[in-house]
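First residue of the sequence shown: 754, per my numbering; consecutive thereafter.
For every residue, glycine included, the Cβ atom is placed at its ideal position computed from N, Cα and C.
Nothing here was measured: the structure is a model prediction, and the numbers come from that model.
Taking it in order: structure first as structure tokens, then the write-up.
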Amino acid sequence: MDSCMNFGLNSMMTCISLDYQKSYHPPISIDLLSACDFSSDGKVLASAGFGRKPLICYMDTCDCITTSQSHSAPISEVRFQPGTNIFATSSSDKAVKLWDSNKPGTVLFDLAGHNGVVKSLDFHPFEGLLCSSDSFDVIEVWDLIQGVRMKNFIAGGQQIRFQPVSGKFLAVAKGNTITILDIQTWNVQNRFQGHNKEIFSMCWDAKGQKIASVTEDCARVWSIAVCGQCLHEYQSNGKRFQSIIFHPRYPNALVIGGFQNMELWIPETGQVYHIHAHTNATITGLAACPQNEFIASCSSDCTVKIWK
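This is the structure:
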């Protein structure tokens, strides 16, 4: 598939393409994949879902394996620790597990402490911290160097994301609102409000200055610099959005996943390009890697696809 679109960026015509590269199918039966993430160097892609075992795909060799051990319930999210081969998974079994993609035989660490379903997690960009959020809105803060829980508090939601580069803020999506927490004090610094429905997915831009969020019916871009102002909005018009990520090469472009299709959206111009990505399936998760400019999409048909 060779898809190309032209957009006016900085008064120049730039060609942005998403070419289909490869599909990965789990070697075991999985009903649905719910999340995926690249390692920082782009050499490994981890994904997970109802199969309870993470799926590890190696970009250089195109090999695809699952871990030997598993969660006891579906996996909700998978995230790599920046600059390492370590990734973490959260699950409905109330556990957080850490894995080494180079040694997929066993779990590195089990982080126990949640009393509810663990919905989301994320690593700090450079400190040895991991935050996880559960169905009781409890956020656990883990010290990965000591392997202990530092603290917990009620401020969680369905998804959490550390600000890239500085790691100063933690964004928490709960219901139709995004709350920005200062990680030094864990106090609320800002709130982004305006969505009418539950936020399914959110992401920071590479510089940590903007956040993109998506609900079933709407995608928005917010600014940290101007007190949480909504900069741009794009209505789905019935297409049922599910996931969102910033394009790894073009910082002003966003990739939105929904039922069957991915959309490339340029907020500054309002232009949109549609790509048929997964037949009869919803794109449940997206990941992007600036290092190799790959984009990964995982879906309800238990397929992971790589795009560039």
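Buried versus exposed call for residue i [16 or more other C-beta atoms within 10 Å across all chains shown]
{"i": "TRP1060", "result": "buried"}
{"i": "ALA972", "result": "buried"}
{"i": "LYS806", "result": "buried"}
{"i": "ASN759", "result": "Caution applies to ASN759, whose pLDDT of 25 falls short of 50 and renders its modelled position unreliable; the model cannot decide the point."}
{"i": "CYS815", "result": "exposed"}
{"i": "ILE892", "result": "buried"}
{"i": "CYS810", "result": "buried"}
{"i": "ARG914", "result": "buried"}
{"i": "ARG993", "result": "exposed"}
{"i": "LYS1058", "result": "buried"}
Option nearest residue i by Cα separation, candidates the options
{"i": "MET1015", "options": "PRO857, SER821, ALA865, ALA1040", "result": "ALA1040"}
{"i": "ASN897", "options": "PHE889, ALA865, ASP790", "result": "Here residue 897 turns out to be Leu, not Asn, going by the sequence shown. Closest option to LEU897, Cα to Cα, is ALA865."}
{"i": "ILE931", "options": "VAL894, MET903, LYS963", "result": "LYS963"}
{"i": "LYS960", "options": "GLN834, ASN1005, ALA1049, VAL925", "result": "ASN1005"}
{"i": "GLN916", "options": "ARG993, SER966, ILE998, ASP958", "result": "ASP958"}
{"i": "HIS985", "options": "PHE791, PHE945, PHE953, PRO1001", "result": "PHE945"}
{"i": "GLN995", "options": "GLU1021, ASP970, ILE1019", "result": "ASP970"}
{"i": "GLN822", "options": "LYS847, LEU851, PRO835", "result": "LEU851"}
{"i": "GLY858", "options": "VAL974, LEU808, MET903, MET812", "result": "LEU808"}
Span of the beta strand (DSSP E) around residue i
{"i": "ASP935", "result": "930 to 935"}
{"i": "ARG944", "result": "941 to 946"}
{"i": "THR849", "result": "Position check: residue 849 holds Val in this sequence, whereas Thr was assumed. Element bounds for VAL849: 849 to 853."}
{"i": "MET812", "result": "Where MET812 is concerned, there is no enclosing beta strand (DSSP E), given that its DSSP letter is neither H nor E."}
{"i": "ASP896", "result": "891 to 896"}
{"i": "CYS980", "result": "Taken as a continuous stretch (DSSP letters only), CYS980 belongs to no beta strand (DSSP E), as it is neither H nor E."}
{"i": "CYS794", "result": "First, the amino acid is wrong: residue 794 is Asp here, not Cys. No beta strand (DSSP E) contains ASP794, which DSSP labels as neither H nor E."}
{"i": "LEU967", "result": "The question names Leu, but residue 967 in the sequence shown is Val. Segment 963 to 968, the beta strand (DSSP E) holding VAL967."}
{"i": "GLU830", "result": "828 to 833"}
Rounded straight-line distance, which links the Cα of residue j to that of residue i
{"i": "ASN990", "j": "SER976", "result": "24 angstroms"}
{"i": "TYR1026", "j": "VAL1008", "result": "10 angstroms"}
{"i": "ALA926", "j": "LYS950", "result": "12 angstroms"}
{"i": "SER854", "j": "ASP863", "result": "16 angstroms"}
{"i": "GLN912", "j": "GLY881", "result": "20 angstroms"}
{"i": "ASP890", "j": "ILE907", "result": "5 angstroms"}
{"i": "THR1022", "j": "VAL797", "result": "34 angstroms"}
{"i": "THR1056", "j": "ASN943", "result": "37 angstroms"}
{"i": "SER919", "j": "VAL941", "result": "17 angstroms"}
{"i": "VAL831", "j": "VAL967", "result": "19 angstroms"}
{"i": "PRO835", "j": "PRO827", "result": "24 angstroms"}
{"i": "LEU883", "j": "VAL860", "result": "16 angstroms"}
{"i": "ILE1048", "j": "HIS1000", "result": "8 angstroms"}
The ligand MN heavy atom lying under 6 angstroms from the CB of residue i
{"i": "GLU1016", "result": "With respect to small molecules bound, the structure shown includes none, and the ligand MN cannot be examined in it."}
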